[in-house]
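Rendered as structure tokens:
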């Protein structure tokens, strides 16, 4: 354990280390950092560690995978769980999963340090929701952002809509949510979702340079500024879980998930 | 203003460069998923490069069912 109280960690889906006051959280679950039970367990472990990271002033999260930051929730695990359980039990387990991931994401959202998502490639669904908990998003110019959940008969379930609404104008939120289309990084920056654009392969370097700049400021002032500008929309987040669970048992969801999971065509990530 | 033929030619040049395929092996009516041997994630990369090259926004739902370069060019042409 380091003197700052956070241990370096290397897991199946995540790794993290503290260096010079910056925690770097790497996502590396093949094929595209899908967020399922295994990654959630490691995110919970990370969230617990974060409480002991008093010496850190910044967090950078990034992906080591070529495909991108994250393609979102693990739809295969979601579908398989749904097949094995009664509808009532499937909803109960899904709610439990969502409540766990909301706890983790809320903890990162409110963490008393400045958080940066350095993203590239696909940043879709749950992957976008993970990036949205960060204070800054620095995007490789080849990054793409989308909420494809409506294609599955669902809404985003990891806090995406309330956080997007917190950060952006409603017209942009409706476009992303209701069309399911993806934005490129330039569009995402013009919409206010991305704070800095990076050349291909440069997002992590730029995130590190930004984290280095943050160290110059008084920590308590930075924390106060963050708390002032970034309230957590708890009520809407709870409502999101309720709506997700209400939608979850509809036949359209099983059909949409099955279509995705069993797809052999080349276009499962296109609407 | 580009002509449709110019647009399709620029797409083929860009695809050949990015996916490292000899330009002469690409024709407007090729199925780009097969010719370039790409999946939907790589198709999104191609879409991003096309948006950057043509300075347009092309919603990916406009690519639904599109697999040949000529049709792709017509979708782009309508946004130039």
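Protein chains in written order, with my numbering: chain A, 6 to 276; chain B, 772 to 851.
All residues carry an ideal CB built from backbone N, CA and C; glycine is no exception.
Nothing here was measured: the structure is a model prediction, and the numbers come from that model.
Cβ-Cβ separation, residue j to residue i (assumed contact under 8 Å), whole Å
i, j, result
"residue 20 of chain A", "residue 31 of chain A", "5 Å"
"residue 49 of chain A", "residue 77 of chain A", "About 18 Å; that fails the 8 Å criterion."
"residue 112 of chain A", "residue 52 of chain A", "5 Å"
"residue 825 of chain B", "residue 799 of chain B", "With 8 Å as the limit, residue 825 of chain B and residue 799 of chain B do not qualify as a contact, their Cβ atoms being about 16 Å apart."
"residue 822 of chain B", "residue 189 of chain A", "5 Å"
"residue 782 of chain B", "residue 844 of chain B", "5 Å"
"residue 65 of chain A", "residue 210 of chain A", "Rounded, the Cβ-Cβ distance is 11 Å, inconsistent with contact."
"residue 106 of chain A", "residue 61 of chain A", "About 22 Å; that fails the 8 Å criterion."
"residue 103 of chain A", "residue 162 of chain A", "5 Å"
"residue 125 of chain A", "residue 73 of chain A", "6 Å"
"residue 786 of chain B", "residue 797 of chain B", "6 Å"
"residue 11 of chain A", "residue 58 of chain A", "4 Å"
"residue 775 of chain B", "residue 848 of chain B", "5 Å"
"residue 169 of chain A", "residue 137 of chain A", "6 Å"
"residue 246 of chain A", "residue 100 of chain A", "6 Å"
Those residues which DSSP pairs with residue i across a bridge
i, result
"residue 22 of chain A", "A:29"
"residue 84 of chain A", "Beta-bridge pairing links residue 84 of chain A to no other residue."
"residue 798 of chain B", "Residue 798 of chain B is not bridged to any residue."
"residue 832 of chain B", "In the DSSP output, where bridge partners are listed per residue, residue 832 of chain B has none listed."
"residue 792 of chain B", "Answer by DSSP bridge pairing: none, since residue 792 of chain B is not bridged."
"residue 56 of chain A", "None; residue 56 of chain A has no bridge partner."
"residue 63 of chain A", "A:27, A:119"
"residue 265 of chain A", "In the DSSP output, where bridge partners are listed per residue, residue 265 of chain A has none listed."
"residue 189 of chain A", "A:149"
"residue 14 of chain A", "A:21"
"residue 839 of chain B", "B:802"
"residue 73 of chain A", "A:126, A:127"
"residue 40 of chain A", "A:78"
"residue 68 of chain A", "A:32"
Contact set between residue i and chain A, taken where Cβ atoms lie within less than 9 Å
i, result
"residue 775 of chain B", "Those within 9 Å of residue 775 of chain B in chain A number zero; the least Cβ separation is about 23 Å."
Within chain B, partners of residue i - CB distance below 8 Å
i, result
"residue 178 of chain A", "Residues of chain B passing the Cβ test: none, with the nearest at roughly 16 Å."
"residue 127 of chain A", "812, 815"
"residue 185 of chain A", "832"
Of the residues the options, the one placed nearest residue i, counting alpha carbons only
i, options, result
"residue 267 of chain A", "A:84, A:159, A:27", "A:84"
"residue 259 of chain A", "A:169, A:226, A:96", "A:96"
"residue 98 of chain A", "A:244, A:56, A:42", "A:42"
"residue 811 of chain B", "A:149, A:103, A:101, A:261", "A:149"
"residue 115 of chain A", "A:207, A:231, A:18", "A:231"
"residue 127 of chain A", "A:211, A:216, A:144, A:87", "A:144"
"residue 199 of chain A", "A:142, A:210, A:146, A:87", "A:142"
"residue 195 of chain A", "A:74, A:134, A:146, A:23", "A:146"
"residue 242 of chain A", "A:68, A:178, A:167, A:15", "A:167"
"residue 249 of chain A", "A:178, A:169, A:183, A:155", "A:155"
"residue 75 of chain A", "A:152, A:201, A:185", "A:152"
"residue 68 of chain A", "A:217, A:133, A:253", "A:133"
"residue 263 of chain A", "A:35, A:87, A:63, A:44", "A:87"
"residue 130 of chain A", "A:170, A:181, A:108, A:247", "A:181"
"residue 47 of chain A", "A:244, A:17, A:222, A:23", "A:17"
"residue 240 of chain A", "A:81, A:171, A:63", "A:171"
"residue 140 of chain A", "A:235, A:173, A:35", "A:235"
"residue 25 of chain A", "A:186, A:257, A:216, A:81", "A:216"
"residue 223 of chain A", "A:237, A:187, A:119, A:71", "A:119"
"residue 790 of chain B", "B:817, B:838, B:846", "B:817"
"residue 815 of chain B", "B:788, B:794, B:831, B:850", "B:831"
"residue 829 of chain B", "A:237, A:187, A:225, A:238", "A:187"
"residue 35 of chain A", "A:79, A:183, A:54", "A:79"
"residue 197 of chain A", "A:160, A:221, A:177", "A:177"
"residue 257 of chain A", "A:160, A:179, A:229", "A:160"
Closer than 7 Å at the beta carbon, the chain A residues around residue i
i, result
"residue 806 of chain B", "Neighbours of residue 806 of chain B on chain A: none; closest Cβ ~12 Å, over 7 Å."
"residue 828 of chain B", "192"
7 Å Cβ cut-off: residues of chain B touching residue i
i, result
"residue 59 of chain A", "Within chain B, no residue comes near residue 59 of chain A; the closest Cβ sits about 39 Å away, beyond 7 Å."
"residue 189 of chain A", "819, 822"
"residue 149 of chain A", "815, 819"
"residue 72 of chain A", "812"
Listed by chain order, chain B residues near residue i by CB distance under 9 Å
i, result
"residue 66 of chain A", "Those do not exist, as residue 66 of chain A stays about 20 Å from chain B at its closest Cβ, beyond 9 Å."
| task | Just list the alpha helix (DSSP H) runs in the stretch 195-259 of chain A, keeping only unbroken ones of 4 residues or longer that don't cross its boundaries, in chain order. | result | 208-219, 224-234, 239-253
| field | Whole beta strand (DSSP E) elements within the stretch 94-156 of chain A, 3-residue minimum | value | 119-124, 127-129, 141-145, 149-151
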